[in-house]
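Asks: Line by line, the protein sequences are chains A and B.
FYI, in the UniProt record's numbering the residues of the first sequence are 1 to 256.
FYI, in the UniProt record's numbering the residues of the second sequence are 1 to 256.
Protein chains: 2
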Amino acid sequence: MPQPLTFSADPTTLNVTALKKSCAACSMHQLCLPMGLEDCDINRLDQIIGKRRRLERDEPLYKMNEPFRNLYAVRFGHFKTYHINAAGEAQITGFQMAGELLGMDAISGDRHYCDAVALEDSEVCEIPFHRLEELFGEVPALLRHFHRIMSQEITREQNVMLLLGNMRAEQRFAVFLINLSARYAARGYSPNTFQLRMSREDIGNYLGLTIESVSRLLSRFKKQGWLAVDKREVTLLDPGKLKAMAAGTEQCSPMA
Amino acid sequence: MPQPLTFSADPTTLNVTALKKSCAACSMHQLCLPMGLEDCDINRLDQIIGKRRRLERDEPLYKMNEPFRNLYAVRFGHFKTYHINAAGEAQITGFQMAGELLGMDAISGDRHYCDAVALEDSEVCEIPFHRLEELFGEVPALLRHFHRIMSQEITREQNVMLLLGNMRAEQRFAVFLINLSARYAARGYSPNTFQLRMSREDIGNYLGLTIESVSRLLSRFKKQGWLAVDKREVTLLDPGKLKAMAAGTEQCSPMA
DNA sequence: CGAGTCATTGATACGCTTCAACGGTAGTGG
DNA sequence: CCACTACCGTTGAAGCGTATCAATGACTCG
Chain A
1 MPQPLTFSAD
11 PTTLNVTALK
21 KSCAACSMHQ
31 LCLPMGLEDC
41 DINRLDQIIG
51 KRRRLERDEP
61 LYKMNEPFRN
71 LYAVRFGHFK
81 TYHINAAGEA
91 QITGFQMAGE
101 LLGMDAISGD
111 RHYCDAVALE
121 DSEVCEIPFH
131 RLEELFGEVP
141 ALLRHFHRIM
151 SQEITREQNV
161 MLLLGNMRAE
171 QRFAVFLINL
181 SARYAARGYS
191 PNTFQLRMSR
201 EDIGNYLGLT
211 IESVSRLLSR
221 FKKQGWLAVD
231 KREVTLLDPG
241 KLKAMAAGTE
251 QCSPMA
Chain B
1 MPQPLTFSAD
11 PTTLNVTALK
21 KSCAACSMHQ
31 LCLPMGLEDC
41 DINRLDQIIG
51 KRRRLERDEP
61 LYKMNEPFRN
71 LYAVRFGHFK
81 TYHINAAGEA
91 QITGFQMAGE
101 LLGMDAISGD
111 RHYCDAVALE
121 DSEVCEIPFH
131 RLEELFGEVP
141 ALLRHFHRIM
151 SQEITREQNV
161 MLLLGNMRAE
171 QRFAVFLINL
181 SARYAARGYS
191 PNTFQLRMSR
201 EDIGNYLGLT
211 IESVSRLLSR
221 FKKQGWLAVD
231 KREVTLLDPG
241 KLKAMAAGTE
251 QCSPMA
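(1) Quick check on the DSSP output: the alpha helix (DSSP H) that includes R216/A runs from which residue to which?
(2) Have a look at T13/B and E126/B and give me their C-alpha separation to the nearest angstrom.
(3) Would you say N192/A reaches chain B, if we count a Cβ-Cβ gap shorter than 8 Å as a contact?
(4) On the DSSP letters alone, give me the boundaries of the beta strand (DSSP E) that M97/B sits inside.
(5) Nearest-angstrom Cα distance between N192/B and A169/B?
(6) Measuring alpha carbon to alpha carbon, tell me which residue in I42/A, R200/A and E59/A is nearest R139/A.
(7) Just tell me which of L71/B, V214/B and Q47/B has its CA closest to the CA of V124/B.
(8) May I ask you to verify whether the stretch 73–93 of chain A touches the stretch 105–122 of chain A, counting CB pairs closer than 8 Å and requiring at least 3?
(9) Under 7 Å Cβ to Cβ from Y184/B, same chain only, skipping five residues before and after it: list those, please.
(10) For P140/A and chain B, any beta-carbon pair shorter than 8 Å?
(11) CA-CA distance, D238/B and R187/B?
(12) Would you say E157/A and R111/A are within 8 Å of each other, going by their C-beta atoms?
(13) Please confirm whether G165/A has its beta-carbon closer than 8 Å to some beta-carbon of chain B.
(14) Taking G36/A as the reference, which of A87/A, G109/A and I149/A has the closest Cα?
(15) Can you have a look at G225/B and say buried or exposed, based on whether 16 or more other CB atoms are within 10 angstroms of its CB?
(16) Using 10 angstroms around the beta-carbon of H29/B, count the other beta-carbons present and answer buried if the total reaches 16, otherwise exposed.
(17) For a test of the three-state rule: what should DSSP assign to N166/A, helix, strand or coil?
(18) If you draw a straight line from the C-alpha of Y62/A to the C-alpha of D46/A, how long is it?
(19) Comparing C-alpha positions only, which one of S213/A, M64/A, R75/A and V229/A sits nearest to residue 297/A?
(20) Our contact map puts L236/A next to S181/A with C-beta atoms below 8 Å; I'd like the distance itself, whole angstroms only.
(21) Once the 5 residues before and after T6/B are set aside, which same chain residues still bring their CB inside 6 Å of it?
(22) Output the distance between the C-alpha atoms of G240/A and L164/B, rounded to the nearest integer angstrom.
(23) Is the CB of E66/B under 8 Å away from at least one CB in chain A?
(24) Within the same chain, show all residues whose beta-carbon is closer than 7 Å to that of E153/A, passing over the 5 residues directly before and after it, in chain order.
(25) In whole angstroms, what is the alpha-carbon distance linking R232/B and P34/B?
(26) Taking only beta-carbon positions, decide if D58/B is within less than 8 Å of chain A.
(27) F76/A bridges to which residues according to DSSP?
(28) For R197/A and E120/A, which I take to be in contact (beta-carbon distance under 8 Å), what is that distance rounded to the nearest angstrom?
(29) Suppose you measure from the CA of D39/A to the CA of C23/A; what does that come to, to the nearest Å?
(30) Determine the direct distance from the alpha carbon of L162/B to that of T249/B, and round the result to whole angstroms.
(31) R144/B touches chain A at which residues, Cβ-Cβ below 8 Å?
(32) Kindly say whether T210/B, judged by its beta-carbon, lies nearer than 8 Å to any beta-carbon of chain A.
(33) Check whether the Cβ of H147/A lies closer than 8 Å to any Cβ atom in chain B.
(34) Hey, T155/B and S151/A: beta-carbon distance below 8 Å or not?
(35) Starting from the C-beta of F68/A, find all residues in its chain whose C-beta is less than 8 Å away, skip the five residues before and the five after it, and write them out in chain order.
(36) Should E100/B go down as buried or exposed, given a rule of 16 or more other Cβ atoms within 10 Å for buried?
Okay, here's the thing in structure tokens:
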């Protein structure tokens, strides 16, 4: 874990402070928790943010039923969150990328409610929740934004319910691609070419499909000329058609 | 709409105050927003709670895209929330009963994100959100509980994702029944006999099934002797089997 | 190079939907 | 009180979409 320690002040607080850096300097601060805060409030947030934590591919960030202490903001990399049911099958509930917050489902039960795993080498900021709660009383703008983030998580999940509840496979997959595209665009990356950080199996699991179905859908969209695939790199060649399919206004011949 | 106005004080504030009563006196206060608050804090909450509002069956509480002003706590009755997609099809995202909070998905966008409709004659408390936010700074216990409620909504939706993503029809329906049963039990009602407040169509929509499938499942469970149905009244005759099926450890012969 | 993982493609099976007909119940008006 | 109607729910038959099973190919890593 090569952490560049530029200076070390008080050795007793080294663990907590050495790896800490400023939210203001973070490239994600426009999307993340400090969004819209005044500089002085960002500084106050900085003071409670815990250490940064690096994770390798497949390394768990937290596991279900672990006591809840921190929220985590993704600095770079990607994560997946999933539940394991009684039968040992997993259901992926989300994929998280830079600037997004993990762990909010743990607040209600004081324990993590799902597993979170890094999909590639990644880094997160630890946000001690009890300190964040203290800060809420002093920085109303932070509290308001936190509520928005939680609410956004609720609407995101409602969209997934929509997807799983009444979309057919091709529409689900189009929604998935368009959603990724929009999120990369919001982060300044190309909306039309990106790497899938997750396996086909993960995609299928998330979308309520099998890996074979995902593979067939990719082939079908390829044949339609809507996208190109090279391993995990996807290029959207006709985003309009994909958006139309995501919206449900376009259909695709079962086997063209 | 017969609103029982027992007394009228200041005509200018009649709308807001006439129907207001105390949270402490509400039978739902152990489940609802004031849960766990000290008496003095409940009083402060009382002071910001808006008027109570009665709704008839099928009357909308709010519609998608309406500006967001209030959260709503169900006092009695039942509601459903649903999205309408581009093709005009609905997807029900939840059924709410007494003590549950509606509208949290509207916080992030300042507009309601779905429609909410009464399933029967019902009553809600209006909770002006901006006043609630003001109170958060003064009553930390209230804020903490609010976060738990939002987090609980997130976990609830994750459970629905699980249900829609990798359960078969019979398991979905068992989960649905057991969930209703538990919620009625928590409210002091019989866990084994209750009225379905929603139509078969609503159930099917929520579970990602057709009305015919729901009807067939009811018949199947009836034949197995696991429950009895009379119109919308359901009696769970073998809750153990249903729980096992909900957990995925029990299967049911396709046509027994 | 071999083992293992991940992805693709084809053939078949099955669960649920769709389509259709019918029955029951509630509401309405004569 | 009984038609009449509309809506909701049930049941059966057929079709479709996706899962399952199976084989093969492509790439990665030791």
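Virtual Cβ for every residue (Gly too), placed ideally from N, Cα, C.
Replies: On the basis of the data shown:
(1) Numbered from its first residue, the first sequence carries residue 216/A at position 216. Counted as a single uninterrupted DSSP element, the alpha helix (DSSP H) harbouring R216/A occupies residues I211 to K223.
(2) Counting from one through the second sequence, the residue named residue 13/B turns up at place 13. Counting from one through the second sequence, the residue named residue 126/B turns up at place 126. Any answer about T13/B is weak, because its pLDDT of 42 lies below 50 and its placement is not dependable; what the coordinates show is given next. Cα-Cα distance, rounded: 15 Å.
(3) Reading the first sequence from its first residue, position 192 is the one you call residue 192/A. Taking Cβ atoms only, chain B never reaches closer than 8 Å to N192/A, which makes this a no.
(4) In the second sequence, counting from the first residue as 1, residue 97/B sits at position 97. Taken as a continuous stretch (DSSP letters only), the beta strand (DSSP E) holding M97/B covers A90 to M97.
(5) For the purposes of this step, residue 192/B is taken as the residue at position 192 of the second sequence. For the purposes of this step, residue 169/B is taken as the residue at position 169 of the second sequence. One Cα belongs to N192/B, the other to A169/B, and the distance between them is close to 21 Å.
(6) Taking the first residue of the first sequence as 1, we reach residue 139/A at position 139. In the sequence under discussion, the amino acid at residue 139/A is Val, which differs from the Arg named in the question. Considering only alpha carbons, the answer is I42/A.
(7) Residue numbering aside, residue 124/B sits at position 124 when the second sequence is read from its first letter. Taking V124/B as reference, the option from L71/B, V214/B and Q47/B with the minimal CA-CA separation is L71/B.
(8) Result yes; three or more Cβ-Cβ pairs closer than 8 Å.
(9) Mapped onto the second sequence, residue 184/B falls at position 184. The answer, listed in chain order, is S190, P191 and F194.
(10) Translated into positions along the first sequence, residue 140/A becomes position 140. Interface residue, yes.
(11) As a position in the second sequence, residue 238/B is number 238, starting the count at 1. As a position in the second sequence, residue 187/B is number 187, starting the count at 1. Across the structure, D238/B and R187/B are spaced so that their CA atoms are roughly 21 Å apart.
(12) On the first sequence, residue 157/A is found 157 positions in, with the first residue counted as 1. On the first sequence, residue 111/A is found 111 positions in, with the first residue counted as 1. When the beta-carbon positions are compared, E157/A and R111/A stay at least 8 Å from each other.
(13) As a first step, residue 165/A is located in the first sequence; it is residue number 165 there, counting from the start. Yes, because at least one Cβ of chain B sits closer than 8 Å to the Cβ of G165/A.
(14) Counted from its first residue, the first sequence places residue 36/A at position 36. Per the Cα distances, I149/A.
(15) As a working note, residue 225/B is residue 225 in the second sequence. Answer is exposed; the Cβ neighbour count stays below 16.
(16) The residue given as residue 29/B occupies position 29 in the second sequence. That one is buried.
(17) Within the first sequence, the letter at position 166 stands for residue 166/A. Of the three classes helix, strand and coil, the one that applies to N166/A here is helix, per DSSP.
(18) Taking the first residue of the first sequence as position 1, residue 62/A is located at position 62. Taking the first residue of the first sequence as position 1, residue 46/A is located at position 46. When rounded, the distance between both Cα atoms is 23 Å.
(19) Residue 297/A cannot be examined here, being either before or after the span of chain A that is shown, 1 to 256.
(20) Walking along the first sequence from the start, residue 236/A turns up at place 236. Walking along the first sequence from the start, residue 181/A turns up at place 181. About 6 Å; that satisfies the 8 Å criterion.
(21) Translated into the one-based positions of the second sequence, residue 6/B becomes position 6. Residue placement at T6/B cannot be trusted, given a pLDDT of 42 that sits under 50; what the coordinates show is reported in the next sentence. Same-chain partners within the cutoff: there are none.
(22) Position 240 of the first sequence, counted from the start, is the residue given in the question as residue 240/A. Position 164 of the second sequence, counted from the start, is the residue given in the question as residue 164/B. Separation of G240/A and L164/B (C-alpha to C-alpha, rounded to the nearest whole angstrom) is 28 Å.
(23) Reading the second sequence from its first residue, position 66 is the one you call residue 66/B. At a cut-off of 8 Å between beta-carbon atoms, E66/B makes no contact with chain A.
(24) The sequence position of residue 153/A within the first sequence is 153, counting from 1. Closer than 7 Å at the Cβ level, and outside the excluded window around E153/A, lie M104.
(25) Residue mapping note: residue 232/B aligns to position 232 of the second sequence, counting from 1. Residue mapping note: residue 34/B aligns to position 34 of the second sequence, counting from 1. So the alpha carbons of these two residues sit roughly 32 Å apart.
(26) Start at 1 with the first residue of the second sequence, and residue 58/B comes out as number 58. Closer than 8 Å: no.
(27) Taking the first residue of the first sequence as position 1, residue 76/A is located at position 76. In DSSP, F76/A forms a bridge with E123/A.
(28) Counted from its first residue, the first sequence places residue 197/A at position 197. Counted from its first residue, the first sequence places residue 120/A at position 120. A Cβ-Cβ distance of about 6 Å is found for the pair R197/A and E120/A, placing them in contact under the 8 Å criterion.
(29) Within the first sequence, residue 39/A is the residue found at index 39, counting from 1. Within the first sequence, residue 23/A is the residue found at index 23, counting from 1. So the alpha carbons of these two residues sit roughly 10 Å apart.
(30) Against the second sequence, residue 249/B aligns to sequence position 249. Against the second sequence, residue 162/B aligns to sequence position 162. Rounded to the nearest whole angstrom, the C-alpha separation of T249/B and L162/B is 16 Å.
(31) Against the second sequence, residue 144/B aligns to sequence position 144. Listed along chain A, the residues sitting closer than 8 Å to R144/B by beta-carbon distance are E133.
(32) In the second sequence, counting from the first residue as 1, residue 210/B sits at position 210. False, the Cβ-Cβ gap to chain A never drops below 8 Å.
(33) For the purposes of this step, residue 147/A is taken as the residue at position 147 of the first sequence. H147/A belongs to the set of residues whose beta carbon lies under 8 Å from a beta carbon in chain B.
(34) Within the second sequence, residue 155/B is the residue found at index 155, counting from 1. Within the first sequence, residue 151/A is the residue found at index 151, counting from 1. Not in contact: T155/B and S151/A (Cβ atoms no closer than 8 Å).
(35) Position 68 of the first sequence, counting from 1, holds the residue named residue 68/A. For F68/A, same chain residues with a beta-carbon under 8 Å away, outside a window of 5 residues either side, are G103, A106, I107, G109, D110, R111, H112 and F129 in chain order.
(36) As a first step, residue 100/B is located in the second sequence; it is residue number 100 there, counting from the start. By the 16-neighbour rule on beta-carbons within 10 angstroms, E100/B is buried.
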